[in-house]
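Undergrad: Residue numbers (this note's numbering): 374 to 482. Glycine residues also receive a C-beta, built at the ideal position from the N, C-alpha and C atoms. So that we are looking at the same thing, I have put the structure below in structure tokens.
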Amino acid sequence: MAQDLTLTKNAAARVAVIAARQGKPAILRLAVEGGGCSGFQYKFELDDGPAPDDLVSETDGVKLVVDPVSLDLVAGASVDYVESLGGAAFRVENPQAASGCGCGSSFGI
374 MAQDLTLTKN
384 AAARVAVIAA
394 RQGKPAILRL
404 AVEGGGCSGF
414 QYKFELDDGP
424 APDDLVSETD
434 GVKLVVDPVS
444 LDLVAGASVD
454 YVESLGGAAF
464 RVENPQAASG
474 CGCGSSFGI
């Protein structure tokens, strides 16, 4: 089931750098919360480890973990790290999202 969610090599490298700076394990948690301009918003944070029911996807030794409720809203998604003139951010390419906002941090189903 780990193939249902992917972390790109670029995102994995960035998580590894951030985790090393903070002295934490290279584990990125992706969660979905209500809110944002389109109904749902993505939340990212470093985590100490996956919960027993989390989906875990691994790229280059970096883990992406998602809880079962959030997974229903992001199954099949890819998490990337992009840098542009507008800034740098983790970006979710979510095939489940029917709509999104201009900043890419919220979506609707």
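(1) Under three-state DSSP, which class holds residue 414?
(2) Which whole runs of the beta strand (DSSP E) in the segment 416-453 are 3 residues long or more, in chain order?
(3) Provide the residue span of the beta strand (DSSP E) that contains residue 461, from first to last.
(4) Which residues in the same chain have their Cβ closer than 6 Å to the Cβ of residue 386, if we skip the five residues on either side of it in sequence?
(5) Pairing CB atoms from the segment 382-397 with CB atoms from the segment 447-459, are three or more of them under 8 Å?
(6) If you draw a straight line from the C-alpha of residue 432 to the C-alpha of residue 401, how long is it?
TA: Taking the structure as given:
(1) Strand.
(2) 428-432 and 435-439
(3) 460-466 is the span of the beta strand (DSSP E), which, as asked, contains residue 461.
(4) none
(5) yes
(6) 11 Å
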